[in-house]
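Novice: Residue numbers (my numbering): 111 to 292. Using N, Cα and C, we set each Cβ at its ideal position, and we do this for glycine too. My questions will all concern the structure given below.
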């Protein structure tokens with residue numbers, strides 16, 4: 111049986127939450143039906159001290175959700191093309207990005223954050239939704255634990271030295287070049 115992740119899940123250290131999101135299910139109730147995918151890849155961004163984090167320049171209109179309570183969605187447009195969804199963790203200055211999910215309902219494989227958002231119908235309309243009580247949520251559906259690996263984040267050119275990307279070793283839906291051999 112699916113269990114909605116409570117706010118306390120998100121109100122913990124970002125790297126702990128990032129690891130524990132692997133194997134959880136991102137669910138979006140849309141007008142066309144329910145779209146969902148198993149989270150297989152997460153990148154963590156650690157607030158204003160992290161140069162790759164949207165919070166690095168301090169509070170702005172765009173990044174205002176990063177300064178709110180944990181457990182809400184932060185959706186933004188990346189490179190003017192893709193909508194990316196990030197579950198907010200801890201209180202202030204920390205976030206984690208959901209990069210990829212494996213098909214779970216009636217959706218094809220979603221490799222990478224832009225494809226994931228497109229497949230699940232996520233746009234700016236889902237920005238600031240409460241992941242603990244809305245049509246966009248993350249559930250624990252009791253799936254088996256997966257072997258994971260930590261690596262450097264991808265698609266950024268600052269803050270690249272930290273291994274704050276975690277992914278499921280056994281998933282073909284993982285994006286980027288640092289993947290397990292299948």
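1) Scan the region 217-282 and note each continuous alpha helix (DSSP H) run of 4 residues or more that stays entirely inside, going in chain order.
2) I'd like to check one pair, residue 228 with residue 153: are the Cβ atoms closer than 7 Å?
3) Which residues in the same chain have their Cβ closer than 6 Å to the Cβ of residue 263, if we skip the five residues on either side of it in sequence?
4) Could you name each continuous beta strand (DSSP E) segment of 3 residues or more that falls completely within the region 117-176, going from the start of the chain to the end?
5) Please state whether the Cβ-Cβ distance between residue 183 and residue 136 is less than 7 Å.
6) Grouping DSSP H, G and I as helix and E and B as strand, with all else coil, what is residue 185?
7) State the start and end residues of the unbroken beta strand (DSSP E) segment that holds residue 194.
8) Write down the C-beta distance between residue 140 and residue 231 rounded to the nearest angstrom, noting that I regard them as a contact closer than 8 Å.
9) What is the C-beta distance between residue 198 and residue 181, in whole angstroms, given that I count them as a contact (C-beta under 8 Å)?
10) Counting only beta-carbon atoms, is residue 121 nearer than 7 Å to chain C?
11) Quick one: using the 10 Å Cβ neighbour count with 16 as the cut-off for buried, is residue 147 buried or exposed?
12) Assign residue 254 to one of two classes, buried (16 or more other C-beta atoms within 10 Å of its C-beta) or exposed (fewer than that).
13) If you run the structure through DSSP and keep just helix, strand and coil, what is residue 115?
14) Thinking just about the alpha-carbon of each residue, which of 248, 113 and 157 is nearest to the one in residue 125?
15) Quick one: using the 10 Å Cβ neighbour count with 16 as the cut-off for buried, is residue 292 buried or exposed?
16) With a cut-off of 8 Å on the beta carbons, I'd call residue 268 and residue 162 a contact; round off their distance for me.
Specialist: On the basis of the data shown:
1) Taken in chain order, the complete alpha helix (DSSP H) segments of 4 residues or longer contained in the region 217-282 are 223-230.
2) No; because the gap between Cβ atoms is not below 7 Å, this pair is not in contact.
3) Hits under 6 Å: 153, 274 and 275.
4) List check, beta strand (DSSP E) in window: 135-140 and 143-155.
5) Not a contact, by the Cβ cut-off of 7 Å.
6) Residue 185 carries a strand assignment under DSSP once its states are collapsed to helix, strand and coil.
7) Looking at the DSSP string, the run of the beta strand (DSSP E) that includes residue 194 is 192-197.
8) That pair is a contact at about 4 Å.
9) Between residue 181 and residue 198 the Cβ distance is about 7 Å, and since that is below 8 Å, they are a contact.
10) This model lacks chain C altogether, as it is built from one protein chain only.
11) With 16 or more other Cβ atoms within 10 Å, it is buried.
12) Answer is exposed; the Cβ neighbour count stays below 16.
13) Assignment of residue 115 by DSSP, reduced to helix, strand and coil, places it in the coil class.
14) Of the listed residues, the one whose Cα sits closest to residue 125 is 157.
15) With a pLDDT of 36 at residue 292, under the threshold of 50, the modelled position of this residue cannot be trusted, and the question is left open.
16) Residue 268 to residue 162, Cβ: 5 Å. Contact.
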